[in-house]
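Participant: Following my numbering, the numbering of the sequence shown begins with 15 at its first residue and continues without gaps. Idealized CB from N, CA, C, for every residue including glycine.
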Amino acid sequence: MDDVIPAGAVGLYRLEGGSGAVIDVRAKVGTDFLDDYEDYGRDDDPVLDFVVAHRRPIDSSRVTAAQRWESCGAASALGVGGYSHSMEAPVTVSGALFGTVNFARTPDQPPFSGVDLVSARLTAEQLGLAAERALRFERTGRRTTMLEHVLDRIPQAVVVTDLEAQVLFRNRAAGNDPDLGTHGAQDQRLGVVSETIAEAMEEFRVQGKRVHTRSVRAEGSGRRVVIKSYRLSDQHNAAVTLLFDCSDEQNGRLPLWDVLSPREQNIAELVSQGLSTKQIAERAFISENTVKQHLKRVFAKTDVRNRAELVQLIWAAGSHNPSRGTTG
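1. Is residue 60 buried or exposed, if buried means 16 or more other CB atoms sit within 10 Å of its CB?
2. So which of 192, 301 and 39 has the shortest CA-CA distance to residue 236?
3. Output needed for residue 301: all residues of its chain with C-beta closer than 7 Å, excluding positions within five of it in sequence on either side, in chain order.
4. Where does residue 71 land, buried or exposed, given buried means 16+ other C-beta within 10 angstroms?
5. For residue 160, is the classification buried or exposed, using 16 other Cβ atoms within 10 angstroms of its Cβ as the cut-off for buried?
6. Can you grab the Cα-Cα spacing for the pair residue 207 / residue 112, in whole Å?
7. Out of 210, 169 and 22, state which residue places its alpha-carbon closest to the alpha-carbon of residue 190.
8. When DSSP builds the beta bridges, which residues end up paired with residue 242?
9. Consult DSSP for residue 100 and reduce its assignment to one of helix, strand or coil.
10. My assumption, with CB atoms under 8 Å, is that residue 56 sits in contact with residue 48. Please give the rounded CB distance.
11. With 16 as the cutoff for other CB atoms within 10 Å, does residue 265 come out buried or exposed?
12. I'd like the list of long-range same chain contacts for residue 41, defined as Cβ closer than 8 Å, with 5 residues on each side in sequence excluded.
13. Only counting the same chain, and skipping five residues up and downstream in sequence, which positions put a Cβ closer than 8 Å to that of residue 278?
14. Assuming residue 125 and residue 65 are in contact, meaning their beta carbons sit under 8 Å apart, how far apart are those beta carbons, in whole angstroms?
15. Tell me the DSSP secondary structure of residue 348 in three-state form.
16. Give the single residue among 239, 220, 219 and 221 whose Cα lies nearest to the Cα of residue 227.
17. Considering only the alpha carbon of each residue, which of 223, 36 and 283 lies closest to residue 114?
18. For residue 155, is the classification buried or exposed, using 16 other Cβ atoms within 10 angstroms of its Cβ as the cut-off for buried?
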């Protein structure tokens with residue numbers, strides 16, 4: 015900063031937003047001067063008071079009468095340090111005071127000019143923008159770490175890929191899943207689960223689809239898995255895939271329980287029993303039109319086009335006897 019505004023001393027203070035207390039300071043000046051300023055200069059500094067109140071640069075020759083400045087604590091601290099003129103500018107981040115940039119000149123240097131004030135304002139603005147970017151990056155890093163920890167505690171496998179099926183993130187459950195082939199240099203195998211994810215990404219790219227659902231039997235463990243992929247917003251060019259384990263199929267549960275709401279689960283179960291719309295409405299104590307609306311949502315969530323495909327998806331997971339027929 016002293017390359018932009020010649021000064022005998024230059025400092026950058028970071029302040030606590032509410033109280034204005036000093037969080038950190040970086041300065042090209044002796045520590046004795048900084049200690050003196052904190053001891054009796056900061057609480058009696060017209061330049062600092064103006065900057066905090068008005069959020070614009072000011073220097074000691076313009077902030078108040080010369081007699082008032084010469085008698086204040088800040089001027090005394092500056093004098094002990096060998097300085098005479100003071101100038102400060104506010105550093106703001108997202109509209110809030112983040113800190114101040116400070117300049118001091120010795121008695122043999124000229125007072126700060128109007129040009130110096132303009133330069134101080136521009137310098138402080140650039141510092142504020144840089145600080146805002148740094149803080150945003152820091153917050154993003156913390157949020158990313160937090161979300162990764164949250165996802166790692168989910169027992170369900172979660173995989174985020176780009177639309178070329180390259181893995182961007184996988185939670186701990188996915189990393190420990192023996193049926194998930196990896197794309198790393200150490201292991202080029204592609205199991206049926208990874209092949210299904212690649213198939214979904216191709217449909218997203220080529221056909222513009224946004225949801226893809228398949229029920230497969232993993233080659234390694236032999237277990238049934240429902241794989242559901244969702245394309246994220248177009249600006250991200252990525253998708254998230256969830257794996258629903260169907261290892262509880264001996265309990266007669268639908269393999270899509272985790273995808274559907276409780277009411278949708280009930281409707282899908284009744285469909286799998288071969289009931290007509292009227293029969294489902296009577297069993298569920300709802301109107302036939304309501305049944306149709308539920309079915310539309312079930313079809314969308316399971317990526318099927320009709321009842322036959324829904325029943326086929328359920329049967330493919332082994333939850334029902336394939337010999338059972340459908341009606342209506």
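Facilitator: Let's see:
1. Taking the sequence shown and counting its residues from 1, one reaches residue 60 at position 46. Residue 60 comes out buried.
2. Within the sequence shown, numbered from 1, the residue matching residue 236 stands at position 222. Per the Cα distances, 192.
3. By one-based count along the sequence shown, residue 301 stands at place 287. For residue 301, same chain residues with a beta-carbon under 7 Å away, outside a window of 5 residues either side, are 295 in chain order.
4. To locate residue 71, count along the sequence shown from 1; it is residue 57. Buried, because 16 or more other Cβ atoms sit within 10 Å of the Cβ of residue 71.
5. Taking the sequence shown and counting its residues from 1, the one referred to as residue 160 is at position 146. So residue 160 counts as exposed.
6. Here residue 207 corresponds to residue number 193 of the sequence shown, with the count starting at 1. Here residue 112 corresponds to residue number 98 of the sequence shown, with the count starting at 1. Cα to Cα, the separation comes out at about 50 Å.
7. Here residue 190 refers to the residue found at position 176 when the sequence shown is read from its first residue. Nearest option by C-alpha distance: 169.
8. In the sequence shown, counting from the first residue as 1, residue 242 sits at position 228. According to DSSP, residue 242 bridges with 227 and 256.
9. Against the sequence shown, residue 100 aligns to sequence position 86. Three-state DSSP puts residue 100 in a strand.
10. Against the sequence shown, residue 56 aligns to sequence position 42. Against the sequence shown, residue 48 aligns to sequence position 34. Wrong, their Cβ atoms sit about 10 Å apart, outside the cutoff.
11. Looking up residue 265 in the sequence shown gives position 251. Note that residue 265 has pLDDT 46, beneath the 50 cutoff, so the model's placement of it is unreliable and no number is given.
12. If you number the sequence shown from 1, residue 41 lands on position 27. In the same chain as residue 41, and ignoring 5 residues on each side of it, the C-beta atoms closer than 8 Å to its own belong to 23, 24, 25, 26, 48 and 116, in chain order.
13. Position 264 of the sequence shown, counted from the first residue, corresponds to residue 278. Same-chain partners within the cutoff: 308, 311, 312 and 315.
14. Counting from one through the sequence shown, the residue named residue 125 turns up at place 111. Counting from one through the sequence shown, the residue named residue 65 turns up at place 51. About 17 Å; that fails the 8 Å criterion.
15. Since the first residue shown for the chain is 15 and the last is 342, residue 348 is missing from the structure and cannot be characterised.
16. Position 213 of the sequence shown, counting from 1, holds the residue named residue 227. With distances taken between Cα atoms, residue 227 lies closest to 239.
17. Residue numbering aside, residue 114 sits at position 100 when the sequence shown is read from its first letter. Comparing alpha carbon positions, the residue from 223, 36 and 283 closest to residue 114 is 36.
18. Here residue 155 refers to the residue found at position 141 when the sequence shown is read from its first residue. With fewer than 16 Cβ atoms within 10 Å of its Cβ, residue 155 is classed as exposed.
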